[in-house]
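Protein chains in written order, with numbering that gives the first Met the number 0: chain A, 0 to 399; chain B, 0 to 180.
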Amino acid sequence: MSHSHDLHPPVAEKFEAKDAGVLPKALLGIGAAGILVSTLGLFVEQWRTQFAHSWLFAFTYFLTICLGCLFWNCLHHATDSEWSVVIRRQVENLASLFPYFALFFVPILVSLGILYKWWNMDPSSEPLLLAKQPYLSKPFFLIRAAAYFIVPSLVALALRRRSIRQDGDGDSAHSFMMRKLGVGGIPAVALSITFTGVDWLMGLDYKWFSTMWGVYLFAGAAGSSMSLIVLVITALKSKGYLKVVNLEHYHTMGKFMLAFTIFWAYIGFSQYMLIWYANIPEETIYFQIRNTGSWWYLNTLLVVGRFFLPFPVLLLQWTKKKPKFLCMVAVWILLMQMVDVYVIVLPALHPGGLSVSPFDISALIGIGGILGWLFFRNLGSAPLFPLRDPRLEGSLKLTN
Amino acid sequence: MAEYKKVYGIGAEFNSAADLLHAAEKVRDEKFTKWDVHTPFPIHGMDAAMGLGKSWLSTPVLIGGAIGTLTAALLTFVPSWFIYPMIVHGKPFNWATLPAFFPIFFELTVLFSAFSTVFALLIMNQLPKWYHPVFNWDRIKKATDDGFFIVIECRDPKFSETKTREFLEGLGGTNVTLIQD
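Here it is in C-alpha cells:
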C-alpha cells in the first residue's frame, strides 16, 4: 500500500507531438472538410435555412461543453479545491478554446434573419413582441453577443496564463489572483450560459419563455463537460502521461457526473412540470412540438438516456473507480447532451417531425474537428499538470 | 481482599492524527480484529489504515429509498386512478398524470432513504448505549478534544495482557492502560 509518507515529488510532463500521431492533422482535415461542406449551405439559397439551424445546433453543443469546462475551472479556484489540481491543466486547455467560438459565430451572425423570426418583424404588428422590444432589439442583441464572447474569453485566457506562469516561478500570488478570477468568473459563466440560451435558443420562438432555461442549459453543460474531462484525462493516461491521476480522482469526477445527472433531471423535470401544470398556450407549444410525431421518440430517448440509464449506473461505487467503464458512461452522456441540444434547436425548423440533414453532421464534425485540432495545440504548449501549485501535494494524496 | 475485575482491553494514546494513522496500519498488519480508534474528528484514509471494507450502510438506504418510491406510487395512483377517479385542473387521472406525482415520488424517496440511513446507522453502531467500558479509562475523554487513541479489546484472539501492552508501547503509544469492564 502506498502512504502519504512515500510520495515522490512528480516530474514535469510535456506532451510529445509524436504521441498524438496523425490525429491533430486528421482532425484539422475532417474539420476543414466539414466546414467546407457547411459553407455550401451558406451560399445555396434553398439550403440556407437548414444550414443555419444545423450550424446553431453544432455551435451550441460545443459552446455549452466549453462553457461548462470554464465553470469547472472557476469553481476549482473559487473553492480552493485540492482534488482537482492534477486535472486542472486539461480543464484550462479545454476552457481556453472559448475565444475561437467568436469565429464559429459568424455564420449565425449572417443568418440572424433566418433563425429568428423577430429579427425582421415590425414590433408594433405583434403585442407580444412589442412587450419584449426593449430586450429583443437589434443593437442590444449584438452588444450582448459581443459581451458573451469577450468576458468569459478573458477569464479563461487569464486563468490559463496565470497557471502556466506559476509553473515557471512557483509564486503563490498567482493562486490568490486565480481565486479572485474564479470567484468573478462563476457569475460571468452563469450569465453567459443563461443569456446565450435566452438570445440564441429561446429566441428561436420569440413567444416562448421559461424562467428555468439558463439553469437547465447549465445542468447539461456541467455534466457533459465533466464527462469530456474524464475522456481527455483517460486518453492522456493511456499514452503514459498523468500517472499522478489515480482512481480517487476518477471517483471524484464520477461523483460530479452523477450529481449533474441528477441535477439535470431535477431541473429538466421542474421546467416540464411547471409548463405542463400551468397549461399556458405560448409555453406549452415548446413541449407540444417535441412530444408529438417522431420528435417524441428523440425526446423520450433523452429522458431515459440522460437520466434513467446513467443514474443507477453511476450510483454504484465501483463504476466510478473503473476508468474504462466511466469513459463509456462519459461518451454516452456526451451523446445525450448532443440529443438534448438537437431537440432544443431542430424542432424550431421541422415542427412536423425529425428530419436529419447532412448539414447537421457536417457542422458537427466541422466545428468539432477544428476545436479538436486547436485543443492539441493547447496540449503541447504547456506541462500537463500545474507542477508548482501550492495545493498539488494535497491533490496527490486525495482520498475519498 | 483483592477485588475481582474483568478486563475490557488495553488503550494507548498517540500524539497526532498522523501517528495514529501509522499505528493503526501496524495494528491492522498484526491481524488484530477486535479493536478501534477514537479521535476528535474523522481522519482521511483511516478506513484503509484500519483495513475496513466498504460500509454496508448503502444497502439499507437503497431498500429504504425503494420502499419510499413504492409508497409514493401507491399513495398517489391508488386514490387518483382507482378510488376517486376525477379530473382536477383539466389533468388526466390515469397513468398519464405521472408528472404531477413526481415531486411526491421524489420527496418520499428522499424521506425514506434518510430515515433508513439514520436508523441503520444507529443499529450498526449499536446505539443508544447507556454503558461502555471504554469510559472507565479517564483519559478517553480527550477523544472529544485533542486525544488520539487505539483500544484493543481482550476478546481479540491475539490479545495478551503483556504482549499487546509491549506492542502498543513499541508503536509509540503513551499512557498505555489496562481498561476494566
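From the three backbone atoms N, C-alpha and C, an ideal C-beta is built for every residue, glycine too.
Next on the checklist: For A:R88, tell me which candidate among A:L180, A:L386, A:A234, A:I142 has the shortest Cα-Cα distance.
Outcome noted: A:L386
Item to check | Cβ neighbour criterion (16 or more within 10 Å) applied to A:Y276 | outcome: Exposed: under 16 other Cβ atoms inside 10 Å.
Item to check | Other residues of its chain near A:L308: CB distance less than 8 Å, five sequence neighbours each side excluded | outcome: W331
Checklist entry - Of the residues B:Y7, B:E2, B:Y3, which one's Cα is nearest the Cα of B:Q179? => result B:Y7
Item to check | Beta carbon proximity, B:P98 to chain A, threshold 7 Å | outcome: Judged by the 7 Å Cβ criterion, B:P98 is in contact with chain A.
Item to check | Rounded straight-line distance, which links the Cα of B:T163 to that of A:P186 | outcome: When rounded, the distance between both Cα atoms is 58 Å.
Checklist entry - Would the beta-carbon of B:A71 fall within 7 Å of that of B:I103? => result yes
Checklist entry - Is it the case that the Cβ atoms of A:G219 and A:Q336 are separated by a distance below 7 Å? => result yes
Checklist entry - Roughly how far, in whole angstroms, is the beta-carbon of A:A329 from the beta-carbon of A:V229, given that I think they are within contact range, below 8 Å? => result 5 Å
Checklist entry - Taking just the CA atoms, how far does B:V26 sit from A:M0? => result Note that A:M0 has pLDDT 42, beneath the 50 cutoff, so the model's placement of it is unreliable and no number is given.
Item to check | Backbone secondary structure at A:K238 - three-state DSSP | outcome: coil
Next on the checklist: Since A:I113 and A:T48 should fall inside the 8 Å C-beta cutoff, what is the C-beta to C-beta distance between them, to a whole number of angstroms?
Outcome noted: With a beta-carbon spacing of about 5 Å, A:I113 and A:T48 fall inside the 8 Å limit used to define contacts.
Next on the checklist: Can you pull the chain A neighbours of B:F101, defined as C-beta to C-beta under 8 Å?
Outcome noted: Chain A residues near B:F101: F268, M272.
Checklist entry - Is it true that the CB of A:L69 sits closer than 7 Å to the CB of A:V182? => result no
Next on the checklist: Cβ closer than 8 Å: which chain B residues qualify as neighbours of A:T398?
Outcome noted: H43, G44, A47
Checklist entry - Mind listing which residues of the segment 208-233 of chain A have their C-beta closer than 7 Å to chain B's C-betas, in chain order? => result Contact annotation: in the segment 208-233 of chain A, no residue has its CB less than 7 Å from a CB in chain B.
Checklist entry - In chain order, what residues of the same chain lie with their CB nearer than 8 Å to the CB of A:H4, ignoring the 5 residues before and after it? => result Note on A:H4: pLDDT 49, under 50, position unreliable in the model; no value is reported.
Item to check | Interface residues of chain A facing B:G89 [CB-CB closer than 9 Å] | outcome: In chain order, N278 make up the part of chain A whose C-beta sits under 9 Å from the C-beta of B:G89.
Item to check | Complete runs of the beta strand (DSSP E) confined to the segment 31-100 of chain B [at least 3 residues] | outcome: Segments of the beta strand (DSSP E) lying fully in the segment 31-100 of chain B: 34-37.
Item to check | Alpha-carbon spacing of A:D339 relative to A:W295, whole angstroms | outcome: 13 Å
Checklist entry - Hey, out of A:K137, A:K13, A:Q132, A:F175, whose CA is closest to A:R390's CA? => result A:R390 has its Cα closest to that of A:F175, out of A:K137, A:K13, A:Q132, A:F175.
Checklist entry - Going along chain A in order, which residues have a C-beta closer than 7 Å to the C-beta of B:K30? => result What B:K30 touches in chain A: nothing, since even the nearest Cβ is about 15 Å away.
Next on the checklist: Out of A:R160, A:P357, A:F148, which one is the CA nearest neighbour of A:L102?
Outcome noted: A:F148
Next on the checklist: With a threshold of 7 Å between beta carbons, is A:W263 in contact with chain B?
Outcome noted: Closer than 7 Å to the CB of A:W263 there is not a single CB belonging to chain B.
Next on the checklist: So B:L107 and B:T58 are supposed to be a Cβ contact under 8 Å. How far apart are they, rounded?
Outcome noted: In fact, because the Cβ distance is near 19 Å, the residues do not count as touching under 8 Å.
Checklist entry - Contact check, A:L27 vs A:C65 under 8 Å by CB: the rounded distance? => result Going by Cβ atoms, the distance from A:L27 to A:C65 rounds to 18 Å, so no, they are not a contact pair.
Checklist entry - In three-state terms, what does DSSP make of A:L383? => result Residue state for A:L383 is assigned as coil, using DSSP reduced to three classes.
Item to check | Beta-carbon proximity check, A:V342 vs A:R289, cutoff 7 Å | outcome: yes
Checklist entry - In whole angstroms, what separates the C-alpha of B:L121 from that of B:M45? => result 21 Å
Next on the checklist: Just to check my reading of the structure: A:L395 and A:L241 have Cβ atoms closer than 8 Å, yes? What is that Cβ distance to the nearest angstrom?
Outcome noted: The pair is not a contact, with the Cβ atoms about 12 Å apart (cut-off 8 Å).
Checklist entry - How would you list, in chain order, the residues of chain A whose beta-carbon sits under 9 Å from the beta-carbon of B:K53? => result Result: Q316.
Next on the checklist: Give me, in chain order, the residues of the same chain whose beta-carbon lies closer than 7 Å to that of A:L55; leave out the 5 immediate sequence neighbours on both sides.
Outcome noted: So the list reads I107, L114, W199, V344, once near-sequence residues are dropped.
Item to check | Exposed unless 16 or more other CB atoms sit within 10 angstroms - verdict on A:M120 | outcome: Its Cβ having fewer than 16 others within 10 Å, A:M120 is exposed.
Item to check | Opposing strand residues paired with B:A11 [DSSP bridges] | outcome: B:I149
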